[in-house]
Amino acid sequence: MDPHLVSTFHDDFKRSYLHCTLQLENRSSWIADCTLKIQVSTELEGNICLVEHLQSYAITIPPQSDVEYTIPPLFFYKPNLWWPNGMGKQSLYNVEISVDVKGFGESDSWSHYFGFRKIESTIDDSTGGRIFKLNGEPIFIRGGNWILSDGLLRLTKKRYMTDIKFHADMNFNMLRCWGGGLAERPDFYHFCDVYGLMVWQEFWITGDVDGRGIPVSNPNGPLDHDLFLLCARDTVKLLRNHASLALWVGGNEQVPPVDINKALKSDLKLHPMFASSQASDSQEKHLSEEATDPSKYLDGTRVYVQGSMWDGFANGKGDFTDGPYEIQYPESFFKDSFYKYGFNPEVGSVGVPVAETIRATMPPEGWSIPIFRKRIDGYIEEVPNPIWDYHKFIPYSKPGKVHDQIELYGHPKDLDDFCEKAQLVNYAQYRALLEGWTSFMWTKFTGVLIWKTQNPWTGLRGQFYDHLHDQTAGFYGCRCAAEPIHVQLNLASYFIEVVNTTADELADVAVEISVWDLDGTSPYYKVTEKIVIPPKKVKQIMEMKYPKMKDAKPVYFLLLKLFRLSDNRILSRNFYWLHLPGKDYKLLEQYQQKKIPLKIYSEILVSGTKHQLRMIVENKSTKSVAESIHPASGIDLGDVSGSHSTGKETTHDGNESGSLWRKIHSSLGVARTSDNLRTLEVDGTDSGIAFFLHFSVHTSGSSTAEEKYNDTRILPVHYSDNYFSLAPGEQTSIDISFEAAPGSSPRVVLRGWNHHLDHAVMI
């Protein structure tokens, strides 16, 4: 049947038409009298289906023939639009088409989720970067390069869902399907539709078909050009109905051979209704009357760009002007000199996973950390073991350019220490990368894609989660930096900035700025006056002057909160650990000995294998005078008081769960829940920041001797946040979800920089 669905819009998206052309084949020797039915429906809460349109058409198909049939355009008034992640809802309609043959009943049927949306892409005049517009709104692109779900092609719906949700959780809005990979299975694109990840789809032209490599590859592209084009056209038909699909690109860092490129340009030429992005309503009406139905094109709704460094990407001319792919000083990303061009399709850095992953995926000889070899010029060269080298380890130093970023925290003692310090660097590195790019939003840059987000094998090259699906701290650095509304510190100028990527003005807000030292006091505190941030703008607020103060400490923490004045609701929270110029973070090693008291509340919902938890963590250490008057000091959690016992897990009868949890409880049809709010208190007599806390979920078993390492982690796990820090008196809520076999008795473990023992909540 192979239908092609296209939506067109008029009157500022108030009126829309759904166009559909399909191929019908009669393999019999007689004339087929058929009834073609098309139904468009939406799914509401509670699995209720609302039919928006239902039409039937009588058609006749001659024997032994193929017929192209165009369904008359279906009219929709103010359809719910599909938006990318961070810009609105991902509204989807289910289109079902069936063919009944007279005397035989249903002969064929087809269904597909479809989103009403209009995508435009042009080269921005002011920056030279490619700009994407969705439903008329420019979208600042922050996303990543996708390699492949699994190197052994174990491509499952469940793994795809986890992969794509992870990217949405990082607040990304685009994935580039790199030309060295493949066109993924339809489930991949379905979940991109569901979670709002726009897809840059590349054809399979890369370094293995351009005369490079060892052995030397074929210099004239694919060996069989006709077969390549047959596969390309089939791929277009497979993917073109997905709302998330935003762009076709000919190849990775090069263009296809002349004949293939010419054919793709012709096949993917824009329909007149989509070629003129500036067309007025009257012009669109004129075009729609004269042009053929857009659904008759192979795909006339998306731009085709011949290569990943052409036409608005990198320098636009095909020169190797993407990258770099190595460790940087965090402040470098904020400097105007760091990157010249408007849209960088590839920029990457480090990606060491947690120590448990190293032990779970490598033999014991792979558990040794790199040798830190100091050079005569003072730089450190990291020399990895052969197993790490094989797994493409990227060092945390760049001799001659960047001093070792792990050594800043003190020389690592063992694998656990190295990987924990690597997570600190991962978080700071990738937060700075995205914050630096966003600082130049629309004034210099239109977008950036990080190389890369994941690995299809157990590699150590840049990644935000490993092949076992455990997140690095870089995952949460990205999640923080890519918030649609965000407060940040420009690490080059030390000015505080507020980012508003949304289409709405941000008014009646202020920023709270507090500095905390290692002694647990707040020597610097300020709340700004009311500020207004226009839509799609970055606004410089004020300089953070603490480093210039006479008694500034060499290592300190900075907490920024953007909050609404009317109700003190926090819109963005950002926590930094910083050092004065010329200093390092070695004092943080001593800070590991601080015993910060914590209180952990947990609410647990279980339905079969599905587990949903809400963990509320509170820093119980004493507030300073400045902190006690903070208007935005935490999250209002209601009454969470109860009966507690120091150092033990206790329970509290009550009904503190919020409306969100009541909805979850109802939708899951929960078979087993906690009737109590469990509480765990962690002893501590010191006051200060509870630093770099992170949850993990484990089975009830335990690890054995190192040579027989037993990985007890339950993976994957979705966390609403992780690798977080809390100032005295602060509390935060972390939602956790995962699947575990019935009777497995999972335990949720909290560890941190100054919380070395496992603080576990049993389920």
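For the sequence shown, my numbering begins at 239 and goes up steadily by one. C-beta: ideal position from N, C-alpha, C; glycine also.
{"Asked": "For my contact list, Ile734 and Met780 are in at a C-beta cut-off of 8 Å; report their separation, rounded to the angstrom.", "Found": "6 Å"}
{"Asked": "Under the assumption that Val244 contacts Gln328 (Cβ atoms under 8 Å), give the Cβ distance between them as a whole number of angstroms.", "Found": "Not really, about 19 Å apart at Cβ, beyond 8 Å."}
{"Asked": "On the premise that Met412 lies in contact with Ser442, defined as a C-beta separation below 8 Å, what is that separation, rounded to the nearest angstrom?", "Found": "Here the sequence assigns Trp to residue 442, which means Ser is not the residue at that position. Between Met412 and Trp442 the Cβ distance is about 20 Å, and since that is not below 8 Å, they are no contact."}
{"Asked": "Look at Ile565 and Tyr634 and say whether their C-beta atoms are less than 7 Å apart.", "Found": "yes"}
{"Asked": "Determine the closest residue to Pro322 out of Ser859, Leu288 and Asn409, with distance taken between C-alpha atoms.", "Found": "Asn409"}
{"Asked": "What's the call for Met679, buried or exposed, on a 16-neighbour Cβ count within 10 Å?", "Found": "buried"}
{"Asked": "Scan the region 609 to 652 and note each continuous alpha helix (DSSP H) run of 4 residues or more that stays entirely inside, going in chain order.", "Found": "624 to 628"}
{"Asked": "Would DSSP call Arg989 helix, strand or coil?", "Found": "strand"}
{"Asked": "Measure the Cβ-Cβ separation of Gln709 and Asn812 and say whether it is below 7 Å.", "Found": "no"}
{"Asked": "Going by C-alpha distance, which of Gln661, Asp549, Lys639 and Gly638 is nearest Tyr647?", "Found": "Gln661"}
{"Asked": "Tell me the residue span of the beta strand (DSSP E) that contains Val333.", "Found": "Tyr331 to Val339"}
{"Asked": "So the candidates are Ile771, Tyr784, Lys768 and Gly715; which of them puts its Cα closest to the Cα of Asp755?", "Found": "Tyr784"}
{"Asked": "If we call anything under 7 Å between Cβ atoms a contact, is Phe378 one with Tyr398?", "Found": "no"}
{"Asked": "Report all residues from its chain with a CB closer than 6 Å to the CB of Thr691; omit the five preceding and five following residues, and keep chain order.", "Found": "Gly382 and Phe702"}
{"Asked": "Compute the Euclidean distance between the alpha carbons of Gln521 and Asp250, then round it to the nearest angstrom.", "Found": "Because Gln521 sits at a pLDDT of 49, beneath the cut-off of 50, its placement in the model cannot be relied upon, and the following sentence gives the value as read from the coordinates. Spanning the two alpha carbons is a distance of roughly 13 Å."}
{"Asked": "Looking only at its chain, what residues have a beta carbon closer than 6 Å to the beta carbon of Phe656, apart from the 5 residues adjacent to it on each side?", "Found": "Ile607 and Pro650"}
{"Asked": "Let's see if you can read the secondary structure: which residues bound the beta strand (DSSP E) around Pro510?", "Found": "Where Pro510 is concerned, there is no enclosing beta strand (DSSP E), although the alpha helix (DSSP H) it sits in stretches over Pro510 to Ala513."}
{"Asked": "Under DSSP, the alpha helix (DSSP H) around Pro376 begins and ends at which residues?", "Found": "Not the alpha helix (DSSP H): Pro376 falls in the beta strand (DSSP E), residues Glu375 to Ile377."}
{"Asked": "State the Cα-Cα distance for the pair Ala965 and Ala928, rounded to the nearest angstrom.", "Found": "7 Å"}
{"Asked": "Cutting at 8 Å between CB atoms, please list the residues of its own chain near Leu803, excluding the five before and the five after it.", "Found": "Asp746, Val747, Ala748 and Lys768"}
{"Asked": "Give the DSSP bridge partners of Thr259, in chain order.", "Found": "His242 and Thr308"}
{"Asked": "Can you tell me where the beta strand (DSSP E) with Ala711 in it begins and where it stops?", "Found": "Run containing Ala711: none in the beta strand (DSSP E); it sits in the alpha helix (DSSP H), Ala711 to Ala719."}
{"Asked": "Looking at C-alpha atoms only, which residue of Ile632, Lys630, Thr681 and Ile618 is the closest neighbour of Lys639?", "Found": "Ile618"}
{"Asked": "To the nearest angstrom, how far is it from the Cα of Gly459 to the Cα of Val447?", "Found": "4 Å"}
{"Asked": "Quick check on DSSP: helix, strand or coil for Asn857?", "Found": "strand"}
{"Asked": "If you count every other CB in all the chains shown that lies within 10 Å of the CB of Asp549, and 16 or more means buried, which is it?", "Found": "buried"}
{"Asked": "To the nearest angstrom, report how far apart Glu344 and Asp338 are at their CA atoms.", "Found": "4 Å"}
{"Asked": "Could you spell out where the beta strand (DSSP E) holding Pro583 opens and where it closes?", "Found": "Phe581 to Val585"}
{"Asked": "According to DSSP, Asp973 sits in a beta bridge with which residue or residues?", "Found": "Arg852"}
{"Asked": "Under three-state DSSP, which class holds Ser359?", "Found": "strand"}
{"Asked": "Is the beta carbon of His257 closer than 7 Å to that of Asp531?", "Found": "yes"}
{"Asked": "Taking DSSP as the reference, what is the three-state secondary structure of Asp505?", "Found": "helix"}
{"Asked": "Are the region 494 to 511 and the region 555 to 565 in contact at 8 Å, needing three or more beta carbon pairs?", "Found": "no"}
{"Asked": "So what's Val661 in DSSP terms, helix, strand or just coil?", "Found": "According to the sequence displayed, residue 661 carries Gln and not Val. Helix at Gln661."}
{"Asked": "Whose CA, out of Gly586, Phe571, Leu477 and Pro568, lies closest to the CA of Thr539?", "Found": "Leu477"}
{"Asked": "Could you spell out where the alpha helix (DSSP H) holding Glu594 opens and where it closes?", "Found": "Ala593 to Thr599"}
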